[in-house]
Amino acid sequence: MTLNHSNFELLSNETAITLAKKLGLVKTDATLKCREIGDGNLNYVFHITDTATKKGIIIKQAVPYAKVLGESWPLTLKRAAIEANALIHFKSYCPEFVPQVYYSDEQLAITIMEDLSHLKIARTGLIDGDKFPLLSKHIGEYVAKTAFYTSDLHLEPSAKKEVARNFTNPELCKITEVFVFTDPFFEELPGDYEVELTDAAKSIWNDQEVILEVAKLKQSFETEQEALLHGDLHTGSIFASDTETKIIDPEFAFYGPVGFDLGQYTANLLFQAVTRNPAGKEEIFTHLQEFWDTFEETYTSLWNTQNKSPFRQVNGYLSYVLTKFRKDAYGFAGCELIRRTIGLSHVADLNVIEDKETRIAAKTTTLKIGAFLIKKREELDVPAVIEALKQHTLP
Ligand code: SR1
Ligand code: MG
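Letter 228 of the sequence shown, counting from 1, is numbered 536 in the numbering used here, and no numbers are missing.
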């Protein structure tokens, strides 16, 4: 492998330990174990543990291409610095929901951070039936706080523009523009789906109303700078337990429309709603409602107490903003449902279903619900989405 980045060197288990010792992040005389545990699409993740104390640290390293796509898709190493800076920013607003960054190095493209191995990736837990009773309230609070505190309502607008400049993230945004908003909506562009889904996929590609609405959503993603987003807020980017929630992996962070973070989390709950039995579905409906309620309550409270805009008390303004977030979110959620079903990056929620007929039925439903959310997003709220899911008779 040839890497044309003069100061970049891919870590090994051994060099990761050497680095941790050099930085004083572990004891030099400790017996240390290191394992590469990265299961994401883009990066390597080294988990170092002290065998005596069981304490650990995480070293995450970006490589100059997308791990899952190979060197054919070169990718900036700057994403590691963006991720470290985003973690620091988000932690300043939501300390309890964001891991501690101990060290970062832009040349080596590494971020060293808190070990969260006592928690479980939320997607895995939800698939296993874990209840995570606080998860969606925590995510609602996190999105409300990060959306509000990084917006023009709280930051002085020129300061916000400066922050936005530091989070210009064109290459990672391009991944989303291509994988989420473009390829899945055109038959002739790259995709990945079972042949049995062809008719369901064609009904999306041939639905000009869906395609027009996706064009509008893509434009909103590309042009609106409402707040600093996580940018990839699916359940694989969240660690959870019954009591704790930590949001990781904000390498896609950029200034964009708030509905994008809201929509990605919503969609990833919906994968669970589609695949579960009736009692399990009810648990996910509770998550959905709690997520939106907590988001709206927290955002409203911040608006009423910390909004610096001279327009903050104008009747109807808050309601206009919340309604916009909601409409955008359901549209973005629809795109996420479709792209994870027929696009190049799937989710385990659907792919773990072993029985082919059941899996195809679940995927057909996610495609239908995706199209429904995109087209009807102006009219939806949580009860309407739940009703549509229950009826299974989507237009
Ligand atoms: C090539 S990367 C594919 C997906 O993985 C990331 O987690 C993002 O969701 C991206 O779209
Ligand atoms: Mg990720």
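Yeah, the Cβ is synthetic: ideal placement off N, Cα and C, and Gly gets one too.
In whole angstroms, give me the CA-to-CA distance for residue i and residue j.
i: Ser653; j: Phe487; result: 8 Å
i: Gln572; j: Thr336; result: 42 Å
i: His426; j: Val376; result: 26 Å
i: Tyr352; j: Gln621; result: 48 Å
i: Ile483; j: Asn477; result: 10 Å
i: Ala452; j: Thr339; result: 42 Å
i: Tyr625; j: Phe619; result: 8 Å
i: Ala394; j: Lys362; result: 28 Å
i: Ile367; j: His538; result: 20 Å
i: Pro703; j: Thr673; result: Residue confidence for Pro703 is low, a pLDDT of 46 falling below 50, so the modelled location carries little weight; the figure read from the coordinates is stated next. Distance between the alpha carbons of Pro703 and Thr673: 11 Å.
i: Val629; j: Leu505; result: 37 Å
i: Met309; j: Ser320; result: Because Met309 carries a pLDDT of 38, less than 50, the predicted location of this residue cannot be relied on, and the following value inherits that uncertainty. Those two C-alpha atoms are separated by around 15 Å.
i: Leu311; j: Thr384; result: Unreliable placement is indicated for Leu311, whose pLDDT of 40 sits below 50; no coordinate value is reported for it.
i: Pro691; j: Leu578; result: 13 Å
i: Gly639; j: Glu598; result: 20 Å
i: Leu442; j: Asp550; result: 7 Å
i: Leu586; j: Gly364; result: Correcting the residue type first, residue 586 is Pro in the shown sequence and not Leu. So the two alpha carbons sit approximately 40 Å from each other.
i: Leu596; j: Ile668; result: 24 Å
i: Ile269; j: Lys664; result: Absent from the model: residue 269. The displayed extent of the chain is 309 to 703, so no value can be given.
i: Gly499; j: Thr631; result: 33 Å
i: His462; j: Ala388; result: 27 Å
i: Glu317; j: Leu416; result: 6 Å
Sort the options by Cα distance to residue i and report the nearest one.
i: Leu327; options: Tyr411, Tyr373 and Thr361; result: Tyr411
i: Tyr501; options: Ala587, Leu658 and Pro691; result: Leu658
i: Glu479; options: Ala561, Lys632, Asp663 and His595; result: Ala561
i: Phe405; options: Asp438, Tyr373, Asp436 and Gly448; result: Gly448
i: Ala535; options: Asp460, Gln369, Phe494 and Ala523; result: Asp460
i: Gln290; options: Ile682, Thr323, Phe316 and Ala417; result: A query on residue 290 cannot be resolved here, the shown segment of the chain reaching from 309 to 703 and no further.
i: Gly544; options: Asp347, Glu322 and Glu317; result: Asp347
Ends of the alpha helix (DSSP H) at residue i?
i: Leu596; result: Pro586 to Gln614
i: Glu559; result: Unbroken run through Glu559: none, as it is neither H nor E.
i: Lys330; result: Asn321 to Lys330
i: Lys469; result: Pro465 to Asn474
First and last residue of the beta strand (DSSP E) that includes residue i?
i: Lys439; result: Run containing Lys439: none; DSSP gives neither H nor E here.
i: Arg343; result: Leu340 to Glu344
i: Val406; result: Neither: Val406 is in no beta strand (DSSP E) and is coded neither H nor E.
i: Glu422; result: Ile418 to Glu422
i: Phe579; result: Careful: Phe579 lies outside any beta strand (DSSP E), inside the alpha helix (DSSP H) at Val566 to Thr583.
With a CB to CB cut of under 6 Å and the five nearest residues on each side skipped, what residues in its chain are close to residue i?
i: Ala679; result: Ile512 and Val518
i: Pro565; result: Ser528, Glu532, Glu534 and Asp636
i: Thr454; result: Phe398 and Tyr401
i: Lys468; result: Asp460
In chain order, what residues of the same chain lie with their CB nearer than 7 Å to the CB of residue i, ignoring the 5 residues before and after it?
i: Ile325; result: Leu340, Cys342 and Ile356
i: Ala508; result: Thr672 and Leu675
Excluding the 5 residues preceding and the 5 following residue i in the sequence, name in chain order all residues of the same chain whose CB lies nearer than 8 Å to its CB.
i: Leu424; result: Ile366, Pro407, Phe547, Lys554 and Ile556
i: Leu333; result: Ile365, Tyr410, Tyr411 and Ile420
Inside the segment 488–544 only - alpha helix (DSSP H) runs reaching at least 4 residues: 506–513 and 516–531
Would you list, in sequence order, the uninterrupted beta strand (DSSP E) runs of no fewer than 3 residues that lie entirely inside the segment 617–689? none
List, from N- to C-terminal side, the beta strand (DSSP E) runs of 3 residues or more that fit wholly inside the segment 341–386. 351–358, 364–370 and 378–382
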